[in-house]
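Protein chains in written order, with our numbering: chain V, 1 to 111; chain L, 1 to 113.
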Amino acid sequence: DGGITQSPKYLFRKEGQNVTLSCEQNLNHDAMYWYRQDPGQGLRLIYYSQIVNDFQKGDIAEGYSVSREKKESFPLTVTSAQKNPTAFYLCASRPGFYGYTFGSGTRLTVV
Amino acid sequence: GESVGLHLPTLSVQEGDNSIINCAYSNSASDYFIWYKQESGKGPQFIIDIRSNMDKRQGQRVTVLLNKTVKHLSLQIAATQPGDSAVYFCAENEKGQGGKLIFGQGTELSVKP
């Protein structure tokens with residue numbers, strides 16, 4: 001079955017630690033996106049990539065980094081510079097004009 | 001910037017009633033709109049979409065209405081069921097913005113049995 005796989009489902013980060021969230025898709029979509037969702041709130045765009053080896057900052061990119069070395073993969077690193085990383089992170093891909101397909105999310109908690 | 005302490009609008013309906021969820025969008029140049037359903041702890045799921053050259057589109061138990069004059073989008077759910085309880089987001093595609101969708105705040109639908 002085609003889809004987007006995010007891993008891990010739950011992730012715990014210690015203060016000052018970098019962590020990487022995985023996002024893989026086998027839908028052959030060119031564009032991929034990372035969103036952050038805080039409790040009771042909407043989706044805020046972190047980074048997006050329209051093609052391999054290219055990506056752009058979204059509205060809240062500070063403290064995050066991404067790479068797009070392969071069409072299928074768009075990992076997100078939450079760096080120690082992100083002071084409030086506890087949130088639900090959603091990855092999505094898009095086949096041109098139509099809507100996003102979302103992954104099932106990664107819940108990141110600072111311990 | 002950060003938003004703290006916001007609470008989603010909530011719509012509470014009786015099982016079997018029809019639900020109407022509203023959304024105001026921001027850009028008159030937006031050419032495509034989507035409704036998503038998000039259950040707790042899960043990623044959003046596509047429900048229905050509509051292009052700007054249409055006023056209405058129907059799916060199974062759901063209808064989307066688009067009023068471009070007042071930049072308003074609505075989702076109607078017929079015969080609401082407990083399984084419809086979730087947060088519903090509208091999204092707009094702004095032309096020329098690199099394929100990014102702009103999401104609304106979301107509305108929490110609660111269905112009472």
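Cβ atoms here follow ideal geometry from the backbone N, Cα and C, with glycine treated the same way. From a predicted model like this one, the values you see are computed outputs, not experimental measurements.
The continuous beta strand (DSSP E) containing residue 108(V) extends over residues 106-110. The C-beta distance from residue 80(L) to residue 18(L) rounds to 7 Å, short enough to fall under 8 Å. Ranked by how close their Cα comes to the Cα of residue 82(V), the residues 30(V), 2(V), 13(V) and 3(V) have 13(V) in first place.
At the C-beta level, residue 11(L) and residue 21(L) come within 9 Å of one another. With respect to the 9 Å criterion, residue 90(L) and residue 104(L) are classified as neighbours on the basis of their beta carbons. Within the same chain, Cβ atoms closer than 6 Å to the Cβ of residue 92(V) are found at 33, 100 and 102, the five residues on either side in sequence being excluded.
In the DSSP assignment, residue 49(V) falls within the unbroken beta strand (DSSP E) covering 43-51.
Contacts with chain L (Cβ-Cβ distance below 9 Å) from the segment 95-108 of chain V involve 96, 97, 98, 99, 100, 101, 102, 103, 104, 105 and 107, listed in chain order. Check the Cα spacing between residue 33(L) and each of 26(L), 87(L) and 52(L): the tightest is with 52(L).
Among the residues facing chain V, residue 29(L) is not included, as its CB has no counterpart in that chain under 9 Å away. Burial check for residue 93(L): the Cβ neighbour count within 10 Å reaches 16 or more, so the residue is buried.
Per DSSP, residue 45(L) is one residue of the beta strand (DSSP E) stretching across 45-51. Beyond the five residues adjoining it in sequence on each side, residue 52(V) comes within less than 6 Å, by CB distance, of 68 and 71 in the same chain, given in chain order. Taking 9 Å as the CB threshold, residue 48(V) lines the interface with chain L.
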